Each structure stands twice: as structure tokens, then as C-alpha cells.
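Peer 1:
Residue numbers (this note's numbering): 963 to 1178.
1. Could you round the C-beta distance between residue 1132 and residue 965 to whole angstroms and report it? I think they count as a contact, below 8 Å.
2. Can you tell which of 1108, 1112, 1066 and 1002 has the C-alpha that lies nearest to the C-alpha of residue 1139?
3. Count the other CB atoms within 10 Å of the CB of residue 1108; is the residue buried (16 or more) or exposed (fewer)?
4. Quick one: give me the first and last residue of the alpha helix (DSSP H) that residue 1088 is part of.
5. So residue 1034 is in the alpha helix (DSSP H); what residue range does that whole segment cover?
6. Please determine, among 1160, 1159, 1151 and 1069, the residue with the shortest C-alpha to C-alpha distance to residue 1169.
7. Going by DSSP, name the residue or residues bridged to residue 1049.
8. Report all residues from its chain with a CB closer than 8 Å to the CB of residue 1025; omit the five preceding and five following residues, and keep chain order.
9. Taking residue 1110 as the reference, which of 1118, 1128 and 1100 has the closest Cα?
10. Specify, as a first and last residue, the run of the beta strand (DSSP E) that residue 982 falls within.
11. Under the three-state reduction of DSSP, which class applies to residue 1132: helix, strand or coil?
12. Report the three-state DSSP secondary structure of residue 968 (helix, strand or coil).
13. Please list the terminal residues of the continuous alpha helix (DSSP H) segment that includes residue 1094.
14. Within the same chain, show all residues whose beta-carbon is closer than 6 Å to that of residue 1175, passing over the 5 residues directly before and after it, in chain order.
15. Quick one: what's got a C-beta closer than 6 Å to residue 967's C-beta in the same chain, skipping five residues either side?
16. Can you give me the Cβ contacts of residue 1155 inside the same chain, cut-off strictly under 7 Å, excluding the 5 residues immediately before and after it?
17. Taking 8 Å as the cut-off, decide whether the C-beta atoms of residue 905 and residue 1098 are in contact.
18. What do you reckon, are the CB atoms on residue 1117 and residue 1128 nearer than 8 Å?
19. For residue 1154, does the three-state DSSP call read helix, strand or coil?
Have a look at this one:
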């Protein structure tokens, strides 16, 4: 099956977010992500803005929930989102609470394995707790520190360890293709493509190459 392509709108203003979302949707994005920077700078109003602009688009909110999940998940649901992220390093009680709250509201939960000491075992645990998705990726600072680094080997192990879909955040199309071949079901792409001068053209090429990599 072709992977889902999720475009992360990691800007700091709703105005820029709408422009970037327009380019992403026109290019063929499957999911739109209300990025963590956007949530921090503009709050839940950003969810509503993108949901109203694209009511038929699957919207995931990158809250990276740490605690008190109920209010965040309710706010996302009320504003049209379908999925929220939870930080995998928080206590298990908080993660289970988020999963339970999401299920009660018919929402999905993605657990971000970022910086987990044992991402494979963590993925197994979260899947058993009822998570809908887990995500593997290098954070932006990790990528700056290790520009040639990539957790593709970790991705391969996580995919083998769980039966739920695994997302993978990429920094370029070559890494995206490698992630698809390693078993990623969802490819997440944001910067640098979303803010470039030819964003729509670059996103279109990225999405096409990613989706067709399963045929190579």
C-alpha cells in the first residue's frame, strides 16, 4: 500500500500556516499536521483555522502532550481534528489517560518515541496500551548535531515489533523513500520544503516520489 503523507505545518502564525496548508493540499497531502510551533504560538485557534479551511482533511495536532490530556484532546475534537500526539517520555499513567480520553471521543493518538531510551520496547508497550500510531524520528537539534544520522534502523525494528502503523518524520525525499522501504506507513515532512519559494512544486515532487517508492 502507498504510504500516507503527512505535511507538518511548523510555522508560527496562522496566516503562514494557511498559505503552507494550501500548498500542501494542492500538492496532494493526505494529512495536515498542526505543528507544535504553530500550537505554541497561536494556540488551539490554529486547529480551527485549518479545519475550517479544509473540513475534509484529516488533521493531526502535534501537541506533544505531557500531562492533563483531557482538555487538549477535547479542544482538538471540538475544532475538527482527528488525531493528537503524546510525548513518549511522560509517565505511563499520563499516556494511558490520553489514550483513554481519545478513545472516549473517537479520536486517534500518536505516541512520539522521540528520545526514548528503548524505542522498540516503548513502541510495544504503547501499542499494548491501545495507541493508534507510534512515530520514530530525529528531532531538529539531533539532526543539526548529527546531520548524517538517521534512525532508519530503529524504524525497521519498531515496524517488526508492533502491529499498529508506524510514522516516520523525514528531512528529505531520499530518507522518506528509505523509510517507506523500511516499513513506515506514514511519512511526515515539514521543513525545509513547506517554506521554500517553490513549496507547492517541491511538495508535489516529494509526495509523488514517496508514494511511488513502493513500486521501485
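Cβ atoms here follow ideal geometry from the backbone N, Cα and C, with glycine treated the same way.
What you are looking at is a predicted structure, and each value in this text was computed from that prediction instead of being measured.
Peer 2: In short:
1. Wrong, their Cβ atoms sit about 11 Å apart, outside the cutoff.
2. 1112
3. exposed
4. 1081-1091
5. 1031-1040
6. 1151
7. Answer is 1074, bridged to residue 1049.
8. 998, 1001, 1034, 1038, 1046, 1047 and 1048
9. 1100
10. Careful: residue 982 lies outside any beta strand (DSSP E), inside the alpha helix (DSSP H) at 976-989.
11. strand
12. Three-state DSSP puts residue 968 in a strand.
13. Here residue 1094 belongs to no alpha helix (DSSP H), and DSSP marks it neither H nor E.
14. 1139 and 1142
15. Cβ within range, chain order: 991, 992, 1149, 1169 and 1172.
16. Counting only residues of its own chain and dropping the five nearest sequence neighbours on each side, residue 1155 has a CB closer than 7 Å to the CB of 1161, 1164, 1165 and 1168.
17. The structure shown does not extend to residue 905, since the chain is modelled only from 963 to 1178, so the question has no answer here.
18. yes
19. strand
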